[in-house]
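Notes to accompany the following structure.
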Amino acid sequence: MFGIAASSNLWEKRKEYIKVWWRPKETQGVVWLDKRVRTRRNEGLPEIRISGDTRGFKYTNRQGQRSALRISRVVSETLRLGVKDVRWFVMGDDDTVFMVENVVRILNK
Numbered sequence: 001m002f003g004i005a006a007s008s009n010l011w012e013k014r015k016e017y018i019k020v021w022w023r024p025k026e027t028q029g030v031v032w033l034d035k036r037v038r039t040r041r042n043e044g045l046p047e048i049r050i051s052g053d054t055r056g057f058k059y060t061n062r063q064g065q066r067s068a069l070r071i072s073r074v075v076s077e078t079l080r081l082g083v084k085d086v087r088w089f090v091m092g093d094d095d096t097v098f099m100v101e102n103v104v105r106i107l108n109k
């Protein structure tokens with residue numbers, strides 16, 4: 001099960017990265033966006049959901065970026081979906097290109 005953190009501001013460009021490796025009806029996962037975006041049917045992308053608001057979380061790392069809070073929450077939000085028969089969870093962001101066969105091979109060891 002893939003959990004993908006994505007930015008609504010970059011979605012139109014970054015969704016193309018996901019299309020490179022995503023296999024509809026074979027791969028399972030969710031894209032977590034910060035805000036709603038326009039979508040088209042049959043675009044060959046995972047289900048899109050809106051990630052929880054992180055503005056209430058205190059963030060004090062001066063060297064990091066606040067967006068790290070959202071990215072780290074993708075795993076827990078994906079787990080909370082309660083999808084049955086999931087053997088593993090993989091987290092990435094909207095510019096990550098996965099080699100699905102390699103991920104499956106490694107995780108099956």
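Numbering (UniProt numbering), first residue to last: 1 to 109.
Glycine residues also receive a C-beta, built at the ideal position from the N, C-alpha and C atoms.
Everything numeric in this text was worked out from a predicted model, so none of it was measured.
- The three-state secondary structure of residue 97, taken from DSSP, is coil.
- Each residue's CA atom was taken as its position, placing residue 91 and residue 41 some 24 Å apart.
- Within 10 angstroms of the beta-carbon of residue 38 lie fewer than 16 other beta-carbons, which makes it exposed.
- Annotation for residue 47: the continuous beta strand (DSSP E) segment containing it runs 47-50.
- Rounded to the nearest whole angstrom, the C-alpha separation of residue 34 and residue 11 is 10 Å.
- Around the C-beta of residue 78, 16 or more other C-beta atoms lie within 10 Å, and the residue is accordingly described as buried.
- Remark: C-beta atoms of residue 5 and residue 71 approach each other more closely than 7 Å.
- Per DSSP, the unbroken beta strand (DSSP E) holding residue 32 starts and ends at 29-33.
- In this model, residue 62 and residue 68 are separated by some 12 Å (Cα to Cα).
- In the three-state reduction of the DSSP assignment, residue 86 falls in the coil class, being assigned neither a helical nor a strand state.
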